[in-house]
Amino acid sequence: MKVTISRKAHFNAAHRLYRKDWSDEKNAAVFGKCSNPNFHGHNYDLIVSVTGEIDKETGYVIDIKILKDLIKSEVEDAFDHKNLNVEVEEFKDLNPTAENIVVVIYNKLKRQLDSNLELEVQLFETERNFVSYSGK
Ligand code: NI
């Protein structure tokens, strides 16, 4: 029997959709307003879900405090109020689309979790636009 426990989190960040190896014209043609050279911001929301067996002793899948602290150190402290392109190592050579951001977040959290726990991350770039990744 497996149960999923989820926690919501939030960060604000700026980005620009942009490939260094493309001209400004091509970046503008493909990414439109999202390629504005002066960057733009989003209020990102995320839902982090951990699935696993209930521990017989504690009754937990994972202590939510541990998950909360992990999200704070790996995601919020790393991304909040940052310019993703300029200040976040993972996006030095990776276009910070919602798709790429969710994979980066997943990988950062996954390596900190017990290997028998499954992870899914949903990332909302706007209220209506969101992506999810579970390592598949
Ligand atoms: Ni954007």
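Counting in my numbering, the sequence shown runs from 28 upward without gaps.
Glycine is no exception: its CB is placed at the ideal position from the N, C-alpha and C atoms.
Where does L73 sit, in a helix, a strand or coil, going by DSSP?
strand
So, do the segment 41-58 and the segment 112-124 have three or more beta carbon pairs nearer to each other than 8 Å?
yes
Quick one: what does DSSP say N53 is sitting in, helix, strand or coil?
The displayed chain sequence assigns Lys, not Asn, to residue 53. Three-state result, K53: helix.
Given 7 Å as the limit, tell me if H42 has its C-beta closer than that to any heavy atom belonging to the ligand NI.
yes
Limits of the unbroken beta strand (DSSP E) element including L121
Here L121 belongs to no beta strand (DSSP E), and DSSP marks it neither H nor E.
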